[in-house]
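For the sequence shown, the working numbering begins at 327 and goes up steadily by one. All C-beta atoms, glycine included, are put in the ideal place defined by N, C-alpha and C. Please read all numbers here as calculations on a predicted model, not as lab measurements.
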Amino acid sequence: MSDRPFTRAWLRAKGFALFARFARPPKQRGGLLPEHPRRILVLAPVLRGDYLVATPLFAGLAKARPRAEIAVLVKHAGLELANVDPHVDRVLVYENLPRWFRSAIEIHRYRPDIIVLPKGHPAFTESLVIVVSRARYRVGLSHPHHDPLLTHPVAHEWETEHRTEAYVRLLAPFGVDPSLVNRRLHIAVDQRAEKWAERIRLANEGIPVFSLNLSASRKSRRWTLDAWRVLLRSLLAHRPQARFLALSAPGHRAQCETLAREFERVTAVPTDSLLEAVALIARTDLLITVDTGIVQAAAARGIPMVVLYNGDHEVYLRFAPQSVPHRAVLAPRGQPVASILPSEVSHEVAHLLTELEMT
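In structure tokens:
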């Protein structure tokens with residue numbers, strides 16, 4: 327079924343068709359990529375959680391082409407992670423329009439030998455970057471709008487598989503068997519944050535400590551303050567000695583402080599960065615959180631968790647925490663996280679804790 331005329335999807339499709347007609351097609355298609363490229367650029371202008379899901383790709387590239395400089399193109403939100411990523415040698419900043427042209431000039435000057443597009447849906451300005459880069463080899467997840475610009479389109483199941491599975495497929499043109507790639511996410515540590523978090527943990531030595539993340543960028547992914555209250559009463563009824571550390575983004579700290587005033591066993595802990603937050607979470611026994619980037623950060627540190635998801639159940643399929651014990655509490659289809667009952671969450675917390683205590 328075709329898109330309705332003059333809708334955003336229709337205009338994007340027409341723009342891609344026009345762009346593909348006038349853009350110079352790549353001279354070479356298929357085959358293994360060169361063994362010793364100088365520079366590889368990965369286009370990753372995504373949110374922090376998405377960046378972390380792509381970290382097995384960065385690690386795989388560094389291992390497959392150890393002599394190449396691995397660069398990533400990120401938005402400002404991803405700078406904190408990219409700047410300390412041990413598998414990334416150089417970081418370029420991606421600006422939206424109208425400052426996109428500044429980014430395009432920097433990419434043009436960088437001139438990578440290989441450019442990698444880990445996006446399985448139309449991304450017009452990022453596709454322009456493919457051409458602007460002048461890269462001889464262009465690897466990307468296959469899509470009708472992207473394929474005319476790529477030398478190595480890679481088949482995938484964007485809507486039905488975990489994002490990490492799609493991303494590691496991009497290693498196949500480098501001669502790497504994707505089935506053998508370690509899917510474990512990674513996140514660098516900030517030593518100052520680690521020492522700060524260790525002091526907080528030592529202050530609670532000998533008692534179970536749970537972390538609570540209250541904030542998410544999208545309203546449909548946030549839980550109500552009353553729901554957090556009911557959950558805490560239930561958990562404290564069964565584990566009265568437990569300590570709860572409430573964390574959030576700066577815009578939701580008032581909720582954490584409210585819970586700390588109302589519950590003696592709750593401490594509101596302000597954090598200034600994702601690396602600070604995950605350093606603290608890494609020293610707790612369990613994370614209870616709404617669906618946000620902290621899920622992937624905690625997964626990278628191996629933290630067990632209970633995660634609340636909205637009614638878009640496919641999001642869990644594509645972004646579930648990997649390689650860590652967890653429970654997912656899904657809202658009814660089409661409903662926000664606010665529709666989840668506290669009893670559903672406390673039930674999953676109890677089951678996960680029992681599982682952890684038995685291992």
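For E588, the closest C-alpha among the options A654, A605, V556, F427 is that of V556. Under the three-pair Cβ rule at 8 Å, the stretch 669 to 681 counts as touching the stretch 558 to 568. When DSSP reads this structure, S459 sits in no beta bridge, so it has no partner.
Per the C-alpha coordinates, the member of P360, P448, L467 positioned closest to L476 is L467. A394 sits in coil when the DSSP states are folded into three classes, being neither helix nor strand. As summarised for the stretch 530 to 604, the continuous beta strand (DSSP E) elements at least 3 residues long and confined to that stretch are 535 to 539, 569 to 573, 592 to 594, given in chain order. When P651, Y635, P647 are compared, the shortest CA-CA separation from A657 is found for Y635.
If you draw a 10 Å sphere on the C-beta of D439, you find 16 or more other C-beta atoms in it, and that means buried. Restricting attention to A594, L405, P651, F384, the CA atom closest to the CA of E395 is found in F384. The alpha carbon of A594 has as its nearest neighbour, out of P566, S543, Q567, N539, the alpha carbon of N539.
For the pair H469 and P630, the Cα-to-Cα distance works out to about 35 Å.
Residue pairing by DSSP places V671 opposite no residue, since no beta bridge is assigned to it. For Y635, the secondary structure class from DSSP, reduced to helix, strand or coil, is strand. Of the other Cβ atoms in all chains shown, fewer than 16 fall within 10 Å of the Cβ of F332; this residue is therefore exposed.
Counting along the chain, the unbroken beta strand (DSSP E) around R416 starts and ends at 416 to 419. Put simply, of Q661, L454, I620 the residue whose alpha carbon is nearest the alpha carbon of S543 is I620.
Sequence-distant partners of H639 (beyond 5 residues in either direction) whose C-beta falls short of 8 Å from its own C-beta, in its chain, are L656, R659. A direct Cα-Cα distance of roughly 10 Å separates V442 from A461. Beta bridge pairing from DSSP links V655 with L634. Three or more Cβ pairs closer than 8 Å define a contact, and the stretch 602 to 612 meets that threshold against the stretch 521 to 538.
In the three-state scheme derived from DSSP, where H, G and I count as helix and E and B as strand, P479 is classed as strand. Between the stretch 446 to 459 and the stretch 406 to 415 there are fewer than three C-beta pairs closer than 8 Å, too few to call the two in contact. Non-local C-beta neighbours of T490 in its own chain, meaning closer than 6 Å and more than five positions away in sequence, comprise V379, P382, R509, ordered along the chain. The C-beta distance from E406 to L601 rounds to 7 Å, short enough to fall under 8 Å. Counting only residues of its own chain and dropping the five nearest sequence neighbours on each side, P662 has a CB closer than 6 Å to the CB of S546, N636. Across the set A626, V507, R548, the C-alpha of R548 shows the shortest separation from the C-alpha of G577. In the DSSP annotation of this structure, I433 is not part of any beta strand (DSSP E); the continuous alpha helix (DSSP H) holding it starts and ends at 426 to 436. Secondary-structure assignment with DSSP links L467 through a beta bridge to V480.
Listed as beta-bridge partners of V616 by DSSP are L634.
Look at I666 here: in three-state DSSP terms it is coil, with no helix or strand label. Straight-line measurement puts the Cα of G375 at about 6 Å from the Cα of Q622. For R489, the enclosing alpha helix (DSSP H) starts and ends at 489 to 494.
Going by beta carbons, Y463 and H478 fall inside the 8 Å limit. The shortest CA-to-CA distance from D503 to any of F536, F427, L387, W484 is the one to L387. Per DSSP, the continuous beta strand (DSSP E) segment holding R365 begins and ends at 365 to 369.
Taking a C-beta distance under 8 Å as the contact criterion, L682 and P651 qualify as a contact pair.
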